[in-house]
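K.L.:
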Amino acid sequence: MWAFNKVFYQIYTLKFCGAPAENDGIVQPRIRKIREWIPYFNDIGVDAVYLCPVFCSDTHGYDTRDYGHLDERLGTDNDLKTLVAEMHRSGIKVILDGVFNHVGRNFAAFADVRKNREKSRYRDWFYLDFDRDSEYGDGFYYEGWEGHFELVKLNDENPEVIKYLLDHVVSWIDKYDIDGLRLDVAYSLPDVFLAGLRDACGRRKDDFFIIGETIDDNYERLLKNMDSVTNYQSYKGLWSSFNSGNLFEIADTFRRQFNEMLPGSHLFNFLDNHDVSRIASKLNDPLLLGPIYGLLFAMPGIPCVYYGSEWRAKGSKDEGQSDDVVRPYFGVPMPDEMTIWIKWLVKLHKENKAFIYGGYKQLYLTNEQLVFERAFEDDRIIVGLNISDTEVHVDFDSGAGWATDILSGHHNNLVGGADLAPKSIYYWYIEG
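Its first residue numbered 64, the sequence shown is counted upward by one per residue in the working numbering.
(1) For the beta strand (DSSP E) that contains residue 465, what are its first and last residues?
(2) Please report the residue range of the alpha helix (DSSP H) in which residue 345 lies.
(3) Look up residue 215 in the DSSP assignment and say whether it is helix, strand or coil.
(4) Report the residue from 441, 385 and 394 whose alpha carbon sits nearest the alpha carbon of residue 416.
(5) Tell me whether residue 99 sits in a helix, a strand or coil according to DSSP, three-state version.
(6) Would residue 295 and residue 277 qualify as a contact pair, given that the criterion is a beta-carbon distance under 8 angstroms?
(7) Measuring CB to CB, does residue 490 end up less than 8 angstroms from residue 361?
(8) Grouping DSSP H, G and I as helix and E and B as strand, with all else coil, what is residue 371?
(9) Using 10 angstroms around the beta-carbon of residue 479, count the other beta-carbons present and answer buried if the total reaches 16, otherwise exposed.
(10) Looking at the strands, I want to know which residues DSSP matches up with residue 146.
(11) CA-CA distance, residue 57 and residue 447?
(12) Rounded to whole angstroms, what is the Cα-Cα separation between residue 98 and residue 271?
(13) Taking only runs that begin and end inside the region 114-188, name each unbroken beta strand (DSSP E) of 3 or more residues, in chain order.
(14) Take residue 162 as the anchor and find which of 156, 170 and 397 has the nearest alpha-carbon.
(15) Take residue 62 and list the residues in its own chain whose beta-carbon comes closer than 6 angstroms to its own, dropping the five residues that flank it on each side.
(16) Reducing DSSP to helix, strand and coil, say where residue 427 ends up.
(17) List the DSSP bridge partners of residue 437.
(18) Between the Cα of residue 100 and those of 73, 378, 216 and 262, spot the shortest distance and give me the residue it belongs to.
(19) Sort out for me which residues DSSP pairs residue 293 with in a bridge.
(20) If distances are taken between C-alpha atoms only, which option among 229, 374 and 241 comes closest to residue 255?
(21) Can you give the beta carbon distance from residue 349 to residue 450, rounded, assuming they're within the 8 angstroms contact cut?
(22) Would you list the residues sitting across from residue 404 in a DSSP beta bridge?
(23) Among 126, 117, 122 and 145, whose alpha-carbon lies nearest the alpha-carbon of residue 132?
(24) Please report the distance separating the alpha-carbon of residue 292 from that of residue 160.
(25) Might you give, ordered along the chain, the residues of its own chain that have their beta carbon closer than 8 angstroms to the beta carbon of residue 184, omitting 5 neighbours on each side?
(26) May I ask which residues mark the beginning and end of the alpha helix (DSSP H) holding residue 353?
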């Protein structure tokens, strides 16, 4: 699968492009802004971009009005087609958000239900109760996604709904030549829909990449019909273990995921995204930002960087802030020293098969130090992490003597372990 050796960059499209919060119906080609960033993507080395919802919606993109057209606030269908083509010419794959669990209240089929009630031909597209009333006073009750009644839940087990949605996905592949989908709230989508989606997409592109969003433990169920899932287990373990000085937490997650439950899997890894606080705000010690990114790119799976976080953009939802605080507008890229570090990590990850396909073997663990090995065929890399305030000597069996420190280029004898500077991460090639 092409995505396994890529580094992703996530964009919350509407805010990134400066679109108004409410759909005003005015066609403005704001999505062209992304084309201006292509040289920047090439410079930092990301070669796959994940675009949050781009199709016509009421407000934030996840309340779809029309699956058939680009949101007016972003431009025309041709603007999206041109963007994907230019990305491809620059060596960048493009995946879109597939929002199939729910729609907005202005979705045409739901508008027909509001008008015609029990007589609507679309009444079985939703979960309705005509003996109750909705929060909006519609004269009937309907199920909203997790209690959010601006998001009307679709009946994704209805064959007519399945066909409607899959026909649109096939049209996206044919019309825009997209390379994959990230499925919003995939954990709520029924298996019959997911299997149909996998089949329909595979018939159009045999290497079509599908990621499922999940925040619970049903990774194995979703991976039956998908290539990857959003790795919220490791996301939580990463920032939490760094903040608490307890690397046993993330080490236990790695052990369960990569040694016991899902060995050989390619989970979709991240430090932040459009739904959570930015890592620069979440991490208590800013000096650990470099090491935590170092771990993100060294752990098994597919790394993804959320736009702006590569230059330490902040935004916290921990005190009840709205989603807007983590979905800002940036006029131009604002790279800094952290961006340079991430650019190096991107290169390191993509050039070493051990990081892309290698297994995971823990060599040493304390509260504040972790050493592990990634190995694939003849490539072996040892990663050493120290989040403490002091230099520490760690004892581990590398299975080899001499190694090259990738960061410094110096040769090291790893017999008996190694010295780790405070708040640092190391990568050693095992020679021979």
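We treat Cβ as the ideally placed atom computed from N, Cα and C, and that holds for glycine.
P.N.:
So, to answer that:
(1) As a first step, residue 465 is located in the sequence shown; it is residue number 402 there, counting from the start. Segment 465-468, the beta strand (DSSP E) holding residue 465.
(2) On the sequence shown, position 282 is the one that residue 345 refers to. From DSSP, the alpha helix (DSSP H) with residue 345 extends over 342-345.
(3) The residue you call residue 215 lines up with position 152 of the sequence shown. Residue state, collapsed to three classes: strand.
(4) In the sequence shown, the residue the question calls residue 416 occupies position 353. Selection 441, 385 and 394 evaluated against residue 416 yields 441 as nearest (Cα-Cα).
(5) As a working note, residue 99 is residue 36 in the sequence shown. Three-state result, residue 99: helix.
(6) The residue labelled residue 295 in the question sits at position 232 within the sequence shown. The residue labelled residue 277 in the question sits at position 214 within the sequence shown. Yes, the pair counts as a contact, with Cβ atoms nearer than the cut-off.
(7) Residue numbering aside, residue 490 sits at position 427 when the sequence shown is read from its first letter. Residue numbering aside, residue 361 sits at position 298 when the sequence shown is read from its first letter. Going by C-beta atoms, residue 490 is nearer than 8 angstroms to residue 361.
(8) Residue numbering aside, residue 371 sits at position 308 when the sequence shown is read from its first letter. Note: residue 371 maps to coil in three-state DSSP.
(9) Reading the sequence shown from its first residue, position 416 is the one you call residue 479. Result: exposed.
(10) For this step, residue 146 is matched to residue 83 along the sequence shown. Answer by DSSP bridge pairing: none, since residue 146 is not bridged.
(11) Residue 57 lies beyond the stretch modelled for the chain, which goes from 64 to 495, so this question has no answer here.
(12) Residue numbering aside, residue 98 sits at position 35 when the sequence shown is read from its first letter. Residue numbering aside, residue 271 sits at position 208 when the sequence shown is read from its first letter. Taking the straight line from one Cα to the other gives about 23 angstroms.
(13) Taking only runs of at least 3 residues, the beta strand (DSSP E) segments lying wholly in the region 114-188 are 118-120, 127-133, 156-161 and 165-167.
(14) For the purposes of this step, residue 162 is identified with residue 99 of the sequence shown, where counting begins at 1. The option with the nearest alpha carbon to residue 162 is 170.
(15) With the chain running from 64 to 495 in the structure shown, residue 62 is simply not present.
(16) Counting from one through the sequence shown, the residue named residue 427 turns up at place 364. Residue 427 falls in the strand class under three-state DSSP.
(17) Taking the sequence shown and counting its residues from 1, the one referred to as residue 437 is at position 374. Bridge partners of residue 437: 444.
(18) Counting from 1 along the sequence shown, the entry for residue 100 is found at position 37. Nearest C-alpha to residue 100: 73.
(19) In the sequence shown, residue 293 corresponds to position 230, counting from 1. Looking at the DSSP assignment, residue 293 forms a beta bridge with 331.
(20) Along the sequence shown, one-based indexing puts residue 255 at 192. Checking every option, the nearest Cα to that of residue 255 belongs to 229.
(21) For the purposes of this step, residue 349 is taken as residue 286 along the sequence shown, with counting starting at 1. For the purposes of this step, residue 450 is taken as residue 387 along the sequence shown, with counting starting at 1. No, residue 349 and residue 450 are not in contact; Cβ-Cβ is about 13 angstroms, not under 8 angstroms.
(22) As a working note, residue 404 is residue 341 in the sequence shown. DSSP, once it has assigned bridges, lists no residue as partnering residue 404.
(23) In the sequence shown, the residue the question calls residue 132 occupies position 69. For residue 132, the nearest C-alpha among the options comes from 117.
(24) For the purposes of this step, residue 292 is taken as the residue at position 229 of the sequence shown. For the purposes of this step, residue 160 is taken as the residue at position 97 of the sequence shown. If you take the alpha carbons of residue 292 and residue 160, they lie about 13 angstroms apart.
(25) The residue labelled residue 184 in the question sits at position 121 within the sequence shown. If the five residues before and after residue 184 are omitted, its C-beta is found closer than 8 angstroms to the C-beta atoms of 175, all from its own chain and listed in chain order.
(26) For this step, residue 353 is matched to residue 290 along the sequence shown. 352-361 is the span of the alpha helix (DSSP H), which, as asked, contains residue 353.
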